[in-house]
Amino acid sequence: MSQSTRRKVLRFLGTIIVVLLPVLLAIWFAHIRAVSETRNQLHSFAQLVLDKTERVILQADLARDAAEQYQGQACTPAHQQRMLNIIRSRLYINELIYAKGQRFLCSTVMTPTSPYFIPRADYKRKPDIAIYYYRDTPFFNGYKMTYMQRGNYV
């Protein structure tokens with residue numbers, strides 16, 4: 567190999583090392599930083615979701631506890647008014663439905679002529695908790711809602 571060829575090869579390799587190595591290192595460090603920031607943002611978002619879920623569950627439990635204090639006949643106008651007053655004070659509760667098992671009997675605004683039978687729950691847990699995801703019922707006709715049932719109240 568002649569001196570001139572050796573010099574050209576070294577110049578070429580030197581150019582690659584001087585120009586491409588810093589670019590590759592910058593890309594690699596940017597990738598590491600992006601992965602780290604994305605992981606941190608996903609962790610923060612997941613924590614916010616869990617916090618809000620806990621607030622929704624707490625409000626659902628408080629609404630159910632208040633509804634169970636009613637001593638009169640179920641699905642009467644007085645019962646429906648009591649359920650309506652309960653949900654008015656809850657931010658994350660849109661509706662309160664009285665049910666016996668999988669038969670939804672009445673809500674705060676309507677009583678179907680025949681009880682609505684909802685298919686099997688998507689998630690069940692003790693004590694007596696059932697969650698129905700994205701169900702279209704006569705109570706919110708045309709909208710797929712998520713329902714959480716515990717005892718006789720949904």
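Per my numbering: the sequence shown = residues 567 to 720. Every residue, glycine too, gets a C-beta built ideally from N, C-alpha and C.
- Message: For GLN646, which residues in the same chain have their Cβ closer than 6 Å to its Cβ, ignoring the five residues on either side in sequence?
- Response: Mapped onto the sequence shown, residue 646 falls at position 80. The answer, listed in chain order, is THR674.
- Task: Could you check the C-alpha separation between LEU671 and LYS690 for me, to the nearest Å?
- Result: Position 105 of the sequence shown, counted from the start, is the residue given in the question as residue 671. Position 124 of the sequence shown, counted from the start, is the residue given in the question as residue 690. Straight-line spacing of the CA atoms in LEU671 and LYS690 works out to 20 Å.
- Could you please give me the residues that DSSP links to CYS672 through a beta bridge? On the sequence shown, position 106 is the one that residue 672 refers to. DSSP, once it has assigned bridges, lists TYR664 as partnering CYS672.
- Task: Check the DSSP bridge columns for ASP702 and list the partner residues they point to.
- Result: Taking the sequence shown and counting its residues from 1, one reaches residue 702 at position 136. As computed with DSSP, ASP702 is found in a beta bridge with LYS710.
- Message: Starting from ARG621, trace the alpha helix (DSSP H) in both directions and tell me its first and last residue.
- Response: Mapped onto the sequence shown, residue 621 falls at position 55. Start and end: 587 to 634.
- Message: Which of the three DSSP states is assigned to ARG691 in this structure?
- Response: As a first step, residue 691 is located in the sequence shown; it is residue number 125 there, counting from the start. DSSP places ARG691 within a strand segment (E or B) once states are collapsed to three.
- Are there 16 or more other CB atoms within 10 angstroms of the CB of LEU662, so buried, or fewer, so exposed? The count along the sequence shown starts at 1 and reaches residue 662 at position 96. Flag for LEU662 reads buried.
- Compute the Euclidean distance between the alpha carbons of ALA633 and GLY717, then round it to the nearest angstrom. On the sequence shown, position 67 is the one that residue 633 refers to. On the sequence shown, position 151 is the one that residue 717 refers to. Each residue's Cα considered, the two are about 11 Å apart.
- Query: Would you report the Cα separation of LEU624 and LEU657, rounded to the nearest angstrom?
  - Reply: Your numbering for residue 624 matches position 58 in the sequence shown. Your numbering for residue 657 matches position 91 in the sequence shown. Put simply, the backbone Cα of LEU624 is about 11 Å away from that of LEU657.
- Backbone CA spacing between ALA600 and GLY580 [nearest angstrom]: As a working mapping, residue 600 is identified with position 34 in the sequence shown. As a working mapping, residue 580 is identified with position 14 in the sequence shown. Each residue's alpha carbon lies about 30 Å from the other.
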